[in-house]
Every structure is written in structure tokens, then in C-alpha cells.
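Read in our numbering, the first sequence has 292 at position 292, and its numbers run on one by one without any break. Here a beta-carbon is modelled for each residue, glycine too, at the ideal position from N, C-alpha and C.
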Amino acid sequence: MITRPKGTYDLLKEDSIIYNNLLGAWIEICDLNNYKFIKTPTFEASSLFHRGVGETTDIVTKETYDFKDRGNRDITLRPEGTAGIVRAIIENKLYANTNNYLKYYYYGPMFRYERPQSGRFREFNQLGIEVFGNVSPYVDAEVINLGIKYFNSLKIDNVTIKINNLGSKEDREKYKKVLVEYLKKHEDELCEDCKTRLETNPLRALDCKKDADKEFFKNMPKISDYISDEGKKYFEELLSNLEALDIEYEIDEKLVRGLDYYDYAVFEYVTSDERLAGASTICGGGRYNNLVKNLGGPDLAGVGFAVGYERLATIVKSLDLVDVNETIDVYIAPIDAKNISDALIIGTDLRDAGFKCEIDYRDTNFKNKMSTASKMNAAYAVIIGEEELKDYSVVLKDLKTKEEKKISINNLADELYINF
RNA sequence: GCGGAAUUGGUGAAGUGGUUAACACGGCGGAUUGUGGCUCCGUUAUGCAAGGGUUCGACUCCCUUAUUUCGCCCCA
1 MITRPKGTYD
11 LLKEDSIIYN
21 NLLGAWIEIC
31 DLNNYKFIKT
41 PTFEASSLFH
51 RGVGETTDIV
61 TKETYDFKDR
71 GNRDITLRPE
81 GTAGIVRAII
91 ENKLYANTNN
101 YLKYYYYGPM
111 FRYERPQSGR
121 FREFNQLGIE
131 VFGNVSPYVD
141 AEVINLGIKY
151 FNSLKIDNVT
161 IKINNLGSKE
171 DREKYKKVLV
181 EYLKKHEDEL
191 CEDCKTRLET
201 NPLRALDCKK
211 DADKEFFKNM
221 PKISDYISDE
231 GKKYFEELLS
241 NLEALDIEYE
251 IDEKLVRGLD
261 YYDYAVFEYV
271 TSDERLAGAS
281 TICGGGRYNN
291 LVKNLGGPDL
301 AGVGFAVGYE
311 RLATIVKSLD
321 LVDVNETIDV
331 YIAPIDAKNI
341 SDALIIGTDL
351 RDAGFKCEID
361 YRDTNFKNKM
371 STASKMNAAY
381 AVIIGEEELK
391 DYSVVLKDLK
401 TKEEKKISIN
411 NLADELYINF
């Protein structure tokens with residue numbers, strides 16, 4: 001038997017209902033906020049992610065699906081959504097002819113070669129938004145707010161924001177120097193991973209869990225001491241905007257994110273819903289002011305976030321937030337095989353009239369058909385039999401009350417309208 | 001990439017080195033040939049992840065591989 005590749009899954013049964021539900025709510029909230037849908041390829045030139053996401057990030061160094069296509073091109077399956085969208089903005093010159101911000105939402109599969117775990121796959125889905133334009137703490141607040149509203153619409157309670165200010169590139173360079181110096185003094189105390197990070201991505205040492213309890217960790221230099229006045233002012237404005245929108249936040253100086261391109265605000269959505277022990281980060285994002293320029297575009301700042309669909313679905317499922325019961329309006333049950341063609345016509349007409357119908361085409365006994373009707377949670381059954389057909393009628397049965405009445409086919413839809 | 005635990009019908013699963021692999025749900029057939037949800041009866045894995053090995057004999061013991069799962073790393 002051929003089985004699905006490691007780390008992939010088939011979306012089935014109630015999971016597919018949840019998927020449609022979460023996606024529908026996502027499209028709705030993005031549209032309400034006037035974001036435009038954008039879809040970019042699932043694979044791109046490898047260099048896009050190397051330059052965009054960052055050469056030294058774990059995502060690029062050990063998690064991408066890289067391959068050469070038959071034309072000997074270096075191709076990478078996208079590990080995240082932002083780089084492709086920035087590429088599309090530049091390539092299609094979407095920044096021209098616009099007076100306001102460019103606002104896009106997306107969803108789709110991403111690929112990372114990782115060891116699978118619960119809620120984490122090699123092919124997974126992300127829902128995200130990106131806004132391009134001048135740096136503005138109002139835009140950042142709108143972006144963060146959209147996420148909050150989305151989670152609220154899914155009935156996930158107690159969503160708060162963890163936020164940090166990474167400053168500008170220059171600020172971070174200054175801080176990095178001091179941080180590396182400090183860490184080198186304590187090099188023998190560092191864990192193996194952090195020793196490597198010292199060379200590649202020292203900021204990541206800040207959220208190292210192994211070293212978090214050690215003494216030197218407590219006196220670590222703080223990034224907030226190295227941020228320019230401009231950066232501080234921006235961040236304070238952003239925080240006051242969050243307050244104005246009644247968004248609860250917590251400043252977390254240890255919050256650094258895995259992608260190189262973030263500037264100024266980085267944030268994560270955290271839920272403290274007590275029904276979810278542990279794993280509480282549901283979404284992350286931030287501002288990237290240099291990414292568009294670095295990828296060859298104009299000087300255009302961006303901000304956005306991405307939700308991991310599978311993780312969100314796990315939460316929604318464990319909290320029982322989506323009604324996964326399926327119902328239909330009408331079940332069309334021909335009594336005898338020779339009535340199946342009548343069933344086809346009557347059922348199709350009812351669908352045209354707007355009723356959700358299931359038509360039974362099976363050559364099986366009538367009892368099974370009625371049994372199936374109730375298993376499908378049909379509200380009504382239309383029973384098609386010889387006797388009634390003689391005067392162009394069928395039997396309409398209310399499956400809850402068990403009441404049934406003979407009714408002319410011409411009046412069937414009208415009769416159903418009254419009851420729905 | 002590292003460490004632990006698993007893998008038995010469509011599903012949830014019990015089980016033993018020795019001829020019939022429990023039980024339940026679901027499916028199908030029937031009691032009830034034009035009426036469902038309840039009840040009762042019958043039926044439903046020549047097979048226990050795959051491949052090797054040990055053995056008179058392996059679903060059971062050993063090895064390898066695959067996959068799943070829990071954690072680390074990382075992240076969404």
C-alpha cells in the first residue's frame with residue numbers, strides 16, 4: 001500500500017468542517033478590514049528565501065525543501081508566506097498607483113522539513129496578513145487587532161499579546177555587539193545551541209530555555225537600552241493604541257522571533273484559556289521595514305502576522321468551538337428502484353429551490369433508505385412511491401414529529417418553505 | 001538532527017511461543033418484501049505495520065526499516 005508522506009495528513013470528516021469554518025471566518029474578517037486576497041506560488045526561487053528569511057535562520061539552514069527542477073533551477077517549497085508576497089509586490093509593482101496602504105491576506109500550504117509532532121506537520125497551512133506602506137503605529141495596531149478579532153470570532157477567549165521592540169537594524173547591531181561581548185564572558189556556561197547562536201544569531205540566545213535559569217541570564221543586557229528615541233517613541237505610540245483598542249499586552253524583552261527580517265515590533269498571540277494547559281502561543285508576527293528593499297524593491301515598510309492553521313485547529317477542536325454536526329434539509333427516498341428517476345428530478349428541483357438534498361440512488365430496500373435519512377440528520381424525507389405518483393404526488397415526512405402527508409409535487413417546494 | 005513510547009478488521013480495542021484472534025461500535029442481511037432512530041438474530045481480520053532472523057512452530061522473542069506519538073531543537 002502506498003501511504004502518505006511523513007508529516008502530511010488527509011483532511012477528513014469533522015476536520016474538514018473545522019477547516020472550512022476557520023477559513024470562512026478568516027476571509028470574512030479580512031474582507032471586513034478591507035484586505036485583498038493574494039495567492040503566490042507554493043514554490044519560489046531558492047534565493048528568495050535565503051535573502052528574505054535569512055541565511056542563518058534554522059528555517060533556511062535545515063528545514064527547507066530544496067531541489068533542482070528539470071531545467072536545473074534552484075527551487076524551494078515556501079517555508080512561510082511573507083517572502084513570496086513581498087516578491088509579488090515588487091515584481092508586479094503593486095506599490096505604484098496607490099495612495100494608501102497595501103493590505104493583503106493569504107492562506108495556503110507551507111513546507112518545512114521538520115520532525116512531525118502533534119499539531120505540526122511538514123506540509124502545514126498558514127493564514128496571514130501583510131500591510132505595506134510607511135511605518136505607522138496605527139497600522140501595527142490595526143494588524144494586531146485584526147488577529148484578536150479573528151480569535152474572538154472563533155470564541156477563543158483571553159487572547160493577549162506578548163510584544164517586544166527590536167528597534168531598527170542599527171539599534172540591533174549596537175545591542176548585538178554588547179550582547180555578544182556579555183555572552184562571551186560567560187561562554188563556558190552557555191549551552192551548545194547558544195554557543196552556535198553566538199556566531200550566527202545571538203538574539204536567539206534570549207529565549208533559550210536551557211540557559212534561562214542560570215545566573216548570568218538575569219543580568220543580560222536589555223535591548224530596550226539600545227533603542228533610539230525614534231524607535232522608543234514609535235513603540236510607545238503603538239502601546240497606547242493597543243490600550244485604546246482594549247487589547248491586553250505584556251512587554252516581553254526576551255521575545256525574539258526566528259526570522260531575520262523583523263524590525264521594531266514583534267508580537268505573539270497567547271491565550272490563557274485554562275482549558276488549554278501549556279501550549280498557548282497561537283500566532284506570531286511583526287514589522288519588517290527593510291525586507292522589501294533587501295529583495296530589490298522600493299523603500300517600503302511592512303507589518304504582518306501568520307497563524308498556524310493546524311495549531312489553531314487543535315485548539316478549536318480541544319475546546320469544542322465548532323459545531324461539527326452535519327444536517328440536511330431533505331432526504332429523497334424512492335421506495336422502489338423504478339422510482340429512482342423521479343427521485344433524481346424531484347431532488348434536483350428542490351436543490352434549485354434552495355434546499356440541501358440528498359437523493360438515494362441505491363437499489364436497496366426501503367427500510368435502509370429511511371435509516372440512512374435519519375443517520376444523515378435529515379429534517380424531512382420525501383418518499384416517492386407508485387401509489388402517490390398516480391396523482392402526481394409524494395409523501396412528505398417530518399422526521400422529528402413522524403408526521404407525514406401526501407402532497408402534490410408542484411406544491412412540494414412551497415410546502416417546505418413554510419417549514420424552514 | 002537527538003531521546004522515549006507505540007503500531008492488532010472500516011473504528012475503539014482485548015489477547016497468547018502451539019490447532020477457532022475476545023468484546024464493542026459501524027457495515028451488510030433478516031425478524032418487519034411501502035417507512036428511520038428502540039429491540040432481537042445472523043454475518044463481517046486465511047490475518048496482528050513491512051522485511052529479515054531465532055524456533056519443530058512467531059501476531060507473540062530478536063534485528064532492520066517505515067509510520068505515528070511524546071519531548072528536545074525550532075517554529076506557526
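By the three-class DSSP mapping on this structure, what secondary structure does residue i have?
{"i": "LYS149", "result": "helix"}
{"i": "ILE340", "result": "helix"}
{"i": "THR372", "result": "helix"}
{"i": "LEU102", "result": "strand"}
{"i": "THR348", "result": "helix"}
{"i": "THR42", "result": "coil"}
{"i": "PHE235", "result": "helix"}
{"i": "PHE305", "result": "strand"}
{"i": "THR160", "result": "strand"}
{"i": "ALA277", "result": "Confidence at ALA277 is low in this model, with a pLDDT of 48, below 50, so the placement of that residue should be treated as unreliable; the coordinate-derived value is given next. In this structure, ALA277 counts as coil in the three-state DSSP scheme."}
{"i": "ASN34", "result": "coil"}
{"i": "LEU77", "result": "strand"}
{"i": "SER408", "result": "strand"}
{"i": "ARG122", "result": "coil"}
{"i": "ILE2", "result": "coil"}
Our contact map puts residue i next to residue j with C-beta atoms below 8 Å; I'd like the distance itself, whole angstroms only.
{"i": "GLU310", "j": "TYR331", "result": "Incorrect: roughly 34 Å between the Cβ atoms, too far for contact."}
{"i": "SER46", "j": "ILE2", "result": "Contact doesn't hold; Cβ gap of about 29 Å is too wide."}
{"i": "ILE384", "j": "ALA413", "result": "In fact, because the Cβ distance is near 15 Å, the residues do not count as touching under 8 Å."}
Can the beta-carbon of residue i be found less than 8 Å from the beta-carbon of residue j?
{"i": "GLY302", "j": "VAL86", "result": "yes"}
{"i": "GLU63", "j": "GLU114", "result": "yes"}
{"i": "GLY119", "j": "THR314", "result": "yes"}
{"i": "VAL292", "j": "ILE89", "result": "yes"}
{"i": "CYS283", "j": "GLY84", "result": "no"}
{"i": "TYR101", "j": "PHE132", "result": "yes"}
{"i": "SER393", "j": "SER371", "result": "no"}
{"i": "ILE161", "j": "LEU238", "result": "no"}
{"i": "VAL256", "j": "LEU206", "result": "yes"}
{"i": "LYS369", "j": "ASP360", "result": "yes"}
{"i": "GLU80", "j": "ALA306", "result": "yes"}
Is it right to say residue i is buried, meaning 16 or more other beta carbons lie within 10 angstroms of its own, or is it exposed?
{"i": "PHE67", "result": "exposed"}
{"i": "LYS406", "result": "exposed"}
{"i": "LEU166", "result": "buried"}
{"i": "THR98", "result": "exposed"}
{"i": "TYR105", "result": "buried"}
{"i": "VAL143", "result": "buried"}
{"i": "GLN126", "result": "buried"}
{"i": "GLY354", "result": "exposed"}
{"i": "VAL324", "result": "exposed"}
May I ask you to list the residues that DSSP assigns as paired with residue i?
{"i": "ALA378", "result": "ILE328"}
{"i": "ILE287", "result": "The question names Ile, but residue 287 is Arg in the sequence shown. ARG287 is bridged to ASP263, VAL303."}
{"i": "GLU130", "result": "TYR104, GLY304"}
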